[in-house]
Amino acid sequence: MKTLLTPITAGQLQLKHRIVMAPTTRMRTVQGGIPGELMIEYYRQRASEGGLLIAEATAVSPYANAYADAPGIFNDRQQAGWQKLVEAVHARGSQIVLQLWHPGRQSLPELSLGRQPVAPSALIARETYGVAKNDNGTYEGKLFPEPRALETDEIKQPIDELQQAARRAMAAGFDGVELHAANGYLPEQFLLDGSNQRTDSYGGNLENRARFLLESVAALTNIWGKGRVAVRLSPSGIYGDMHDSDPTTTFRYLVAQLDSFELAYLHIIEPRITGPEDREAGYYSEPVASRDLRPYYHGKIIAAGGFKSESAEEMLKSGDADMIAFGRLFTSNPDLPERIRHDLPLTAYDRTTFFGGDERGYTDYPVHGALASASAL
Ligand SMILES: Cc1cc2nc3c(=O)[nH]c(=O)nc-3n(C[C@H](O)[C@H](O)[C@H](O)COP(=O)(O)O)c2cc1C
């Protein structure tokens, strides 16, 4: 029996297997960032076998969004849409946590009520694009403008927005929340010295740079208690023009601090991935992987990034992680856990339909023929 298919308890989450659906932005909400029928169907299809789904990056603020048609959770209509989606996932026996997302300097004013993006420092995310939507409905990649540095007394505002979103996620019936502290978004902008040049108590030394992230986690655990809050990190990520002078020390310190929160899990993107893409070989000189952080954190770890069935199994056997998240393969294999269970071939994904569009490349990937005919018997 594959280790991947054995049950696990992660904080308060009791899961029947260790195959997790990674958060994947698909830009398929209906007007106003509301999960609609199409999106509900997408998650319903992937909620098989009692596993864990991590819902895609979801805006916590009307003033901070990077992708047109990405979901939000800052008003009642969005919350109601999520509630239906969560019910559909629960009805199939799986659990779902919501990824809470404040993109900070990676925000487009045209998706953020015209506001200039905010960040720890007025440093632009060079060569990084968001996706806006034109009047005729077509999408357009847009460079992020220069952000405005938050005043010290403004810093509680994004933390409040994260906390308010966590309250709404609870009201919508989610099983937990995951702070998106990866891929160059606001918590990571504070953490890394390449994007944080502050001289107040939120910048400078490592303790200060980690403060925003840790205060955000504290705000979420205030709402959810122990075992239902999670954090996603990309310790080797450079997506969003991110860099740090000493990532090993930075992430070891952070992870050791996170240990005391009794999280549901820590979610780590492995060095072979940056943002949504595979990394060019040799691109990063000092990768920080789950293996490097494991000794500093005693809870459950989800590893993500470029895994296939065999490599996922090896990762669990090595002891460096407890669960494996699959991103791209879950887009094209709604029945991924069953396919892994029965060693069935996997359907290749189509990148051209990743971001935005209709049911094509979204809800029209079939379950494997062998499984479909078995369930029809
Ligand atoms: C289409 C797409 C959308 C993504 N959206 C998110 C997201 O919303 N939040 C996030 O943390 N990571 C996001 N990612 C990164 C994935 O969660 C994952 O880390 C990455 O795809 C590597 O895993 P994989 O090799 O299994 O696909 C996205 C990736 C893709 C391909």
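Using our numbering, the first residue of the sequence shown is number 201, and each one after it goes up by one. Note that CB positions come from ideal geometry on N, CA and C, so glycine has one too. For clarity, every value in this text was computed on a predicted model and none was experimentally measured.
Shortest gap from the CB of residue 430 to any heavy atom of ligand 1: 7 Å or more. Residue 465: member of the beta strand (DSSP E) spanning 465-469, first to last residue.
Rounded to whole angstroms, the gap between the alpha carbons of residue 345 and residue 305 is 8 Å. Residue 247 is a Cβ neighbour of residue 289, given a cutoff of 8 Å. Residue 530 has its alpha-carbon roughly 25 Å from the corresponding atom of residue 463.
For residue 556 and residue 471, the gap between their C-alpha atoms comes out near 27 Å. One alpha carbon belongs to residue 389, the other to residue 351, and they sit about 15 Å apart.
Between residue 382 and residue 273, the C-beta spacing is not below 8 Å.
Under the three-state reduction of DSSP, residue 339 is assigned to strand.
When 348, 420, 428 and 414 are compared, the shortest CA-CA separation from residue 500 is found for 428. Assignment of residue 473 by DSSP, reduced to helix, strand and coil, places it in the strand class. Residue 318 has 348 as its beta-bridge partners, per DSSP.
For residue 563, the distance from the CB to the nearest heavy atom of ligand 1 is not below 7 Å.
If only uninterrupted alpha helix (DSSP H) runs of at least 4 residues are considered, those enclosed by the stretch 403-467 are 406-424 and 447-458. Unbroken beta strand (DSSP E) stretches of 3 residues or longer found wholly inside the stretch 511-566: 523-526, given in chain order. In the structure shown, the three-state DSSP call for residue 356 is helix. According to DSSP, residue pairing for residue 378 in a beta bridge involves 299 and 430. About 38 Å separates the beta carbon of residue 361 from that of residue 518, a gap too long to meet the 8 Å contact definition. In the three-state reduction of the DSSP assignment, residue 266 falls in the coil class. Ranked by Cα distance from residue 544, the first of 536, 551 and 550 is 536. Inclusion of residue 267 and residue 331 in the CB contact set at 8 Å is warranted, their separation being smaller than that value. One thing to note: residue 295 has its Cβ within 8 Å of the Cβ of residue 375. At a cut-off of 7 Å, the beta-carbon of residue 443 does not count as near ligand 1: no heavy atom of the ligand is closer than that. The three-state secondary structure of residue 364, taken from DSSP, is helix. Looking at the DSSP output, residue 272 shares a beta bridge with 259. Put simply, the stretch 420-427 does not touch the stretch 393-409. Fewer than three CB pairs are less than 8 Å apart. Within the DSSP secondary-structure output, residue 333 pairs in a beta bridge with 339. In this structure, residue 302 lies away from residue 349, with their beta-carbon atoms at least 8 Å apart. Ranked by Cα distance from residue 231, the options 511, 440, 201 and 270 are led by 270.
With contacts defined as CB atoms closer than 8 Å, residue 211 and residue 250 fail to qualify as a contacting pair. Here the C-alpha atom of residue 315 lies approximately 5 Å from the C-alpha atom of residue 309. Secondary structure note for residue 221: its beta strand (DSSP E) is the uninterrupted segment 219-221. Secondary-structure assignment with DSSP links residue 253 through a beta bridge to 221 and 296.
Judged by beta-carbon spacing, residue 520 lies within the 8 Å limit of residue 503, meaning their Cβ atoms are closer than that value. Between residue 234 and residue 277, the gap from beta carbon to beta carbon is short of 8 Å.
Residue 440 places its beta carbon 8 Å or farther from that of residue 473.
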